[in-house]
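Number of protein chains: 2
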Amino acid sequence: MTEHTVSFDIAKQPVRVPTGTLLSEAARLAGVDIGQPCGGQGRCGRCAVQVTKGEVRRRSTLRLSTEDVSQGFALACQSVIEGDIIVTVPPQEKIERRLTTDRTAIEVSVPPDYDPQYSQTIRRIGLRLTPPRMDDQTDDWSRLKTALRQKAGIEDISVSLGLLQKLGTILRENNWQVTAITDAHIEVDGQRTDERLVTLIADIVPEDDPLYGLAIDIGTTTVTVWLVDLVSGKVEAQASEYNSQISRGEDVISRIIFSSKNGGREELQNRVLDTINQLVTQLCKRTKSRSQDIVKATVAGNSTMMHLFLGIPAASIRLSPFITAVNQPPIITAGTIGLAINPEASVDCLPGVASYVGADISSGVLACKMDETGKLSLFLDVGTNGETVLGSREWLVTCACSAGPAFEGAGVLHGMRATKGAIEECWISGESSPHPYEPSYRVIGSAKPRGLCGSGLISLLAEMFLTGVVDKGGAINLSLGKINPRIREGEHGPEYVVAWGNETESGKDIAINNVDIDNLKRAKAAIYAGFTVLAQSVGVPLEMVEQILIGGSFGKYINVEKAIQIGLLPDMPWDRFKFLGNTSVQGAYLSLLDWRNRDRIRDIASQMTYIELSADNTFYDAFMSAMFLPHTDLASFPSVAAAVENKTIT
Amino acid sequence: MTEHTVSFDIAKQPVRVPTGTLLSEAARLAGVDIGQPCGGQGRCGRCAVQVTKGEVRRRSTLRLSTEDVSQGFALACQSVIEGDIIVTVPPQEKIERRLTTDRTAIEVSVPPDYDPQYSQTIRRIGLRLTPPRMDDQTDDWSRLKTALRQKAGIEDISVSLGLLQKLGTILRENNWQVTAITDAHIEVDGQRTDERLVTLIADIVPEDDPLYGLAIDIGTTTVTVWLVDLVSGKVEAQASEYNSQISRGEDVISRIIFSSKNGGREELQNRVLDTINQLVTQLCKRTKSRSQDIVKATVAGNSTMMHLFLGIPAASIRLSPFITAVNQPPIITAGTIGLAINPEASVDCLPGVASYVGADISSGVLACKMDETGKLSLFLDVGTNGETVLGSREWLVTCACSAGPAFEGAGVLHGMRATKGAIEECWISGESSPHPYEPSYRVIGSAKPRGLCGSGLISLLAEMFLTGVVDKGGAINLSLGKINPRIREGEHGPEYVVAWGNETESGKDIAINNVDIDNLKRAKAAIYAGFTVLAQSVGVPLEMVEQILIGGSFGKYINVEKAIQIGLLPDMPWDRFKFLGNTSVQGAYLSLLDWRNRDRIRDIASQMTYIELSADNTFYDAFMSAMFLPHTDLASFPSVAAAVENKTIT
């Protein structure tokens, strides 16, 4: 078979591939990570690269302009190699390794009632065993059990085969003085039932030596791991990293499609495990601790992430009637799935509610404590799926609306994730200013702009609306092009140029067009419609909500004013909004620390009422009403109505 | 490095090995299975082969005569290859593949009270699930749990990750109609507690379709597997095979030594698993069943075999104070250790009592029902370790005496296992016959004799004693050589020729010498001393024993009269002896069928009192008294005294 040489500008060396190889596959072989948000289906156009020498056969040029194609641009996932080529990977598409969420560690305070002796299922027990004699022929395991009963009152304990295989050697090498670490199942009344021997440590370890656990949040985009000292309860270190599955699909649907391909499920499981294991290595290095001493892990994440992490097929999540294989996975051991901590450590995947309301949401409810308050609360995780929970300690209802990945930068021509070079906030001057309709913006990492991230898009749209660049239907008012050339007819229809090519990293204009705006409107309308339906389902007016709790790392960067102006968030006094950051990992942390929290999250997940939005027309009607800026019913957005009226923007 | 060519007469083709390779290693590479009963320590002399061309460097020639060496004989485990050689593997040393115990299947009757609905922990439940709908979003696993609760009243059930990974596909492919197979933990009062989902079978299976379990006995020499229909309780097929560990040591001590070498533990575990898996394949083929349908396995075996099967280090079993890692191993799943049946099947290793009284003995006690009878019983498993249990339903005491492998043919120059070519019974004419001191014998498999097996050695020694060829001390009376040249001074001292070279397969004489007799005496004295000490320990005279139950496959072939004459068995009316065959696999079968038996064996193992013989001098004194034929105290062997007196042998 004929082979061709493919050289990437950012690869160390060229690769040789046979005729017919996909460009995306060649990139993989060359070690070049090209994002494929749609999972390689040719839908998103985000894997575009520039072939600067030679030619490729393009199966599809969707989302590429004629000019793009003439300049050699091609979709990596849709282009077939049939000769030697040289390829440039455009800056925006390079997957930035540095996460904005990793910039600062969050201060986490240990719950004031944390008492490792009572709260923790993990116990450390120093033991001095009586050595065996000719007249005391008790076997090693029974001898250890007797000591555990006498020293710690443990009546029922089990041991894995793996640990039994090491038991005799450890006991003898340490002269029958060892530290046992056990993990317990705890019943609702706080009674320990069966315990499990997790590990035996050489010799006796001081009682206040650290003993570690992990709180893990597997996000579709970002994986976060906290290393927790189980004795003090303190978070010793935090680390985040892109979920390496990202190159196989940016949203859960693309991931599910990829996982259904031959070998895809194994690849995605390995990818997320790699990401977690690398974070664990990093955390251990930073704190000078040994991964062997991590004896427990608690995992939160949406249902798809949880299925893929456990290697469980997720196909049915995507297909009507959208059913998970399991919402409350059994506790497994780290060794079983290859999590690189103590192989006997329990890996406790927290319970979810449904296909699109996963453990990240029950964990979020736990973290924001809405299940314990008398206040009517709305919990919201803005992301691809706008998961929303409404309720209080009396009742909880939840729904998920497929908002799409627009706020994560996908489905928007110049959209990108919130990394270096992303425009994260925008302002546009009003018609009465000396230079009408001129933008100014703030870029992450003081770099040249490369695109627009979610918070940038929200503020840009709000500004365009308030200044009249778009009307309440979201359509760009082309007639304003006479006043400012940024408003123009572009390749994809009417558009507004946020940054001219001479300011940007790529040298090309960064603009937003009507198609982009339509996608953003769908996203915000879906989320807002979710609130409406939840409130309707329990017959509570939305205005009665006393606090709006916003989770998810994206939530941290939302400007409330702008989000209300486009009708993403309900129009309420700003002090009712609380931005909580990554509530998913916070809930995992609380569940890791205290079995009472673990009990609570089980109750949260099993008692929350899930409202399936596609079951009738209620959601569709609410969605259509929210497809305007800010909403059909302007009366429910009084502050926005006033702003539009006053044209306060200059 | 220089390489040499080694050709074995029974290998398909020669192998090339570097200078310095052991002959035994070259044999392994050539696929030639040479027995190494002592584990390759050069102690037993059983791996002798004949180098017919070329030379080897002999590190040791122990147990080889000068004549042997001059003929090219060398110990494979002690000979270093330093040039091209051609090797003949003598017939006696080839490991015969056909076992005598496999010649006939034993008729096993199903216990009359067997009721799969009540007795069996395995349940098969046909289920028709309600398919999920938009307004019934229960996850797959919860849906299945609900169906199991409604149909079979199962409240608490767990599932493995492996099965969860298949669950959704199985349910959907079979249109939500499946058969679940579950396994239960059962409490003492017969209440089912937590059950475990073992497998889901495509579609609904008829209630009376077979559903299989395995009863496994891992003997040091032989592995026996019974395939059991768990619905009818019937043993569908039986198969036995040499434990393939045998080439790495013939007795448990040699195996432990081998297992302590680098990689030895893994090799021995793989070898016994290979043996079992081959037997399972055989059984499935014979009964046209699928290994996937075997959903439970119960395993008996001595403590060393159990440790090696589970991959648990056994070193401490061999070293004072002789402690096992575990007597009651946890239940594991077949997939965990690579047993080639349904990977979710539970593998239940039965409990043992001590290092040298293992699960084979508690299983034997269960099978012979001595724990349920009012009769004072003596249970005996003749083998390398003479394990003995004395007692009734009131109490049980047990001990193990290291008899050595003489009855299995090791430690005896012309000893061999009970396979084709083994002399299994002997008679010697008395001094008053026309041809005094002439032997006649019976050979297994109507072949030319190749050696003497255990039963052959017992009857030969008894005949030699009764005819006066040996005295009560076991010494050969050389003066009789004047009457019959079979009694002569041989290479290893005085000997008696049982078969002349012209009758034998090898063309060499088969004889027994004073050293062999000494080893046999030690073996029988150890076993007899065991009885004595047990009886003394509880203050019961041996004569009060009402039945002597003999287990082990070797036991089946013992001639009681001869065994009493050499003082191996106590002198009692023959009708008190019962030969039960392989009681170890029988007990495994009973435990597999009925949880009440499984409870019984747990009680047997935990309540039996273990007497450690090396704790004081009682055993040593009893052993020394038993080092005579039949015993120092002839009064306790009245039938033998009478026979000697009457010289009834002609």
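If you read the sequences in order, they're chains A and U.
Residue 296 in the working numbering is what sits at position 296 of the first sequence, and the numbering runs on without skipping anything.
If you want the working numbering, it's the 1-based position in the second sequence plus 1000.
All C-beta atoms in this analysis are idealised placements derived from N, C-alpha and C, irrespective of residue type, glycine included.
Being a predicted model, the structure only gives us computed values, none of them experimental.
Could you check which residue in the options has the C-alpha nearest to that of residue i?
i	options	result
G1162 (chain U)	A:S65, A:I332, A:G153 and A:I216	A:I332
V198 (chain A)	A:F619, A:L339 and A:I181	A:I181
V80 (chain A)	A:E67, A:V89 and A:R58	A:R58
E207 (chain A)	A:A643, A:R488, A:Q292 and A:G126	A:G126
R1522 (chain U)	U:T1224, U:D1571 and U:P1630	U:P1630
E82 (chain A)	A:T130, A:V17, A:Q50 and A:S70	A:V17
N1582 (chain U)	U:R1028, U:V1032 and U:W1226	U:W1226
D348 (chain A)	A:G364, A:A334, A:S355 and A:G358	A:A334
K1524 (chain U)	U:N1597, U:P1570 and U:T1193	U:P1570
W595 (chain A)	A:E489, A:Y118, A:A345 and A:C401	A:Y118
Quick check on residue i - is its C-beta less than 7 Å from some C-beta in chain U?
i	result
S316 (chain A)	yes
T100 (chain A)	Residue confidence is low: T100 (chain A) scores 40 on pLDDT, short of 50, so the model does not pin down where it sits. No coordinate-derived value is stated.
V326 (chain A)	yes
A354 (chain A)	yes
I332 (chain A)	yes
G311 (chain A)	yes
D381 (chain A)	no
W226 (chain A)	no
L161 (chain A)	yes
Suppose you measure from the CA of residue i to the CA of residue j; what does that come to, to the nearest Å?
i	j	result
A147 (chain A)	S1459 (chain U)	51 Å
E3 (chain A)	E25 (chain A)	14 Å
N1477 (chain U)	A1642 (chain U)	22 Å
G35 (chain A)	S247 (chain A)	5 Å
I1601 (chain U)	V1353 (chain U)	11 Å
D1102 (chain U)	T1419 (chain U)	Bear in mind that the predicted position of D1102 (chain U) carries a pLDDT of just 41, short of 50, making it unreliable; the figure below should be weighed with that in mind. Near 11 Å, if we compare the C-alpha coordinates of T1419 (chain U) and D1102 (chain U).
A1315 (chain U)	I1257 (chain U)	7 Å
T1373 (chain U)	S1392 (chain U)	6 Å
M1624 (chain U)	L1520 (chain U)	14 Å
A1325 (chain U)	D209 (chain A)	29 Å
R97 (chain A)	V272 (chain A)	At R97 (chain A) the pLDDT is 39, less than 50, meaning the model places this residue with poor confidence; the figure from the coordinates comes in the next sentence. Spanning the two alpha carbons is a distance of roughly 15 Å.
M544 (chain A)	Y557 (chain A)	25 Å
T222 (chain A)	A300 (chain A)	12 Å
T104 (chain A)	A239 (chain A)	Below a pLDDT of 50, predicted positions are generally treated as unreliable, and T104 (chain A), at 44, falls in that range; the measurement from the model is reported next regardless. About 10 Å.
A588 (chain A)	P14 (chain A)	44 Å
G1567 (chain U)	S1506 (chain U)	32 Å
V205 (chain A)	Y212 (chain A)	14 Å
Beta-carbon of residue i versus every beta-carbon of chain A: anything under 7 Å?
i	result
E1612 (chain U)	yes
M1134 (chain U)	yes
A1048 (chain U)	no
L1534 (chain U)	no
W1176 (chain U)	no
A1615 (chain U)	yes
P1351 (chain U)	no
Q1150 (chain U)	no
L1164 (chain U)	yes
In terms of residues, what are the limits of the beta strand (DSSP E) holding residue i?
i	result
Q1536 (chain U)	Careful: Q1536 (chain U) lies outside any beta strand (DSSP E), inside the alpha helix (DSSP H) at N1514 to V1538.
F619 (chain A)	First-last for F619 (chain A): T618 to S625, but that is the alpha helix (DSSP H), not the beta strand (DSSP E).
What is the residue span of the alpha helix (DSSP H) that residue i lies within?
i	result
D1603 (chain U)	W1595 to Q1607
L75 (chain A)	Not the alpha helix (DSSP H): L75 (chain A) falls in the beta strand (DSSP E), residues F73 to L75.
Residue ranges of each alpha helix (DSSP H) run of no fewer than 4 residues wholly in the stretch 250-338 of chain A, ordered along the chain? Entirely contained in the stretch 250-338 of chain A, the alpha helix (DSSP H) runs reaching 4 residues are, in chain order, 252-260, 264-287, 303-310, 315-318 and 334-337.
Can you list, in chain order, the stretches of the beta strand (DSSP E) that have 3 or more residues and sit fully within the stretch 146-192 of chain A? Counting only runs of 3+ residues, the beta strand (DSSP E) found wholly inside the stretch 146-192 of chain A occupies 177-186, in chain order.
Can you list, in chain order, the stretches of the alpha helix (DSSP H) that have 4 or more residues and sit fully within the stretch 1106-1138 of chain U? Those alpha helix (DSSP H) runs which fall completely within the stretch 1106-1138 of chain U and span 4+ residues are 1116-1119.
What beta strand (DSSP E) runs, 3 residues minimum, are completely inside the stretch 329-417 of chain A? 346-349, 377-381, 385-391 and 396-402
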